Amino acid sequence: MPKRLIDLGALNASQTKPKIIHTRGRQEQYVALSYCWGLTQHFCTTNENFSEMQKSIPIEILPQTIRDAFLVAQKLDIRYIWIDALCIIQDNEDDWHSEARRMGAIYANSYFTIAATAAKDSGEGFLWPRALNRVSMPFRRYATSESEGTVCFRQRSDFLRDHQEYVLNSPLQKRAWVLQETLLSRRTVHFSSKQIYWECRSTFGVEDNMTNDVDCREHAHEFLNMLSALQGGICSENHAMIFFRIWAKILSRYSTLSISRPSDKLPALSGLALLVERIIGCRYLYCIWNFNLPYNLFWQPVNRPIPRVNEWRAPSWSWAAWNGEIMFE
């Protein structure tokens with residue numbers, strides 16, 4: 001369980017204000033929000049307002065994306081929701097680093113993840129009016145019948161093309177923090193600019209076309225299958241190579257994603273790494289695993305020269321010390 005959750009109030013209660021609660025080990029069903037903060041400075045939990053937030057969260061000054069997430073959770077009869085801006089004390093460094101390390105488990109254990117897939121900023125929201133691509137025409141059921149009505153024709157989407165455009169290439173999927181959220185969430189509901197997509201570990205769906213036989217989360221399924229196979233540790237050279245091959249794909253993808261603060265490059269992957277570390281029993285240091293060390297060090301930049309950050313965040317032998325896309329030999 002997360003350290004804190006937002007309690008939206010009893011499902012049958014009226015005029016209940018949300019508030020932050022301490023879980024203290026209680027097992028509650030909750031959902032998590034995956035979204036872009038954006039460049040705008042929005043309301044969040046701080047040391048100064050934390051006490052008040054445990055009594056009541058001022059909904060009227062929250063960014064629209066968070067308000068939309070509250071509404072979705074309530075409509076689906078979910079009382080508790082986890083949102084980083086509110087459940088982590090943002091100006092408390094100890095709390096921030098502690099909760100950042102738990103991020104992988106938070107998304108892995110959520111009932112499902114609400115993904116504000118199309119929004120570039122938390123002020124935009126994600127429950128937008130949509131232009132429906134359809135044509136309506138009157139009809140009569142039978143020539144002799146007086147029963148009349150309207151039939152609607154709507155063009156069916158090309159699932160693979162639209163999933164690529166509206167989900168995989170969305171603003172949300174370009175954010176570094178979201179990679180571990182995507183890989184570890186058991187279920188995700190994507191609110192795109194066109195329609196809603198949903199996915200879990202066994203199927204994929206879209207409003208106008210259920211699709212069961214197309215694997216749009218190839219890396220995620222590959223990664224989860226690997227973790228299942230490696231429960232209890234890496235026992236052979238073959239296991240080690242399987243792990244490294246999949247992990248290298250994840251890191252190569254991660255290196256292409258945007259991050260607003262350079263210092264977040266390690267924390268944004270730490271929740272995922274900690275989860276893997278616990279399962280396989282190997283040590284993780286500065287984005288490098290301590291087994292098959294030569295393979296872990298065989299990274300190289302895709303484009304040269306590769307810029308190094310001014311502020312130290314990792315030793316020079318780790319790809320995390322540098323900016324830019326990487327690949328492994």
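Residue numbers (full-length UniProt numbering): 1 to 329. Heads up, the beta-carbon is just placed ideally off N, CA and C, and yes, glycines get one too. All of these numbers come straight from a predicted model, not from anything done at the bench.
Per DSSP, reduced to three states, the secondary structure at R101 is helical. Nearest C-alpha to R175 among S202, R186 and A119: A119.
Minimum Cα-Cα distance from R201 among the listed residues E222, Q195, I83 and S192 corresponds to E222.
Taking 4 residues as the minimum length, the alpha helix (DSSP H) runs contained wholly in the region 250-285 are 267-280, in order along the chain. Taking 8 Å as the upper bound for CB-CB distance, R313 and L266 are in contact here, some 6 Å apart. Put simply, the backbone Cα of M226 is about 54 Å away from that of G149. Here M241 is exposed. Its C-beta has fewer than 16 other C-beta atoms within 10 Å. In the displayed model, L5 falls within a strand according to three-state DSSP. Rounded to the nearest angstrom, the gap between the Cα atoms of Q64 and L293 is 46 Å.
A direct Cα-to-Cα measurement between F191 and G271 gives close to 24 Å.
V31 is positioned such that its CB atom lies closer than 8 Å to that of S110. One alpha carbon belongs to P315, the other to N238, and they sit about 29 Å apart. Within a 10 Å sphere around the beta-carbon of A10 sit fewer than 16 other beta-carbons, which makes this residue exposed. In the DSSP annotation of this structure, the continuous segment of the beta strand (DSSP E) that includes Y30 starts and ends at Y30 to S34. Distance from the CA atom of T16 to the CA atom of L8, rounded to whole angstroms, is 7 Å. C287 sits away from A248, with the two beta carbons spaced by 8 Å or more.
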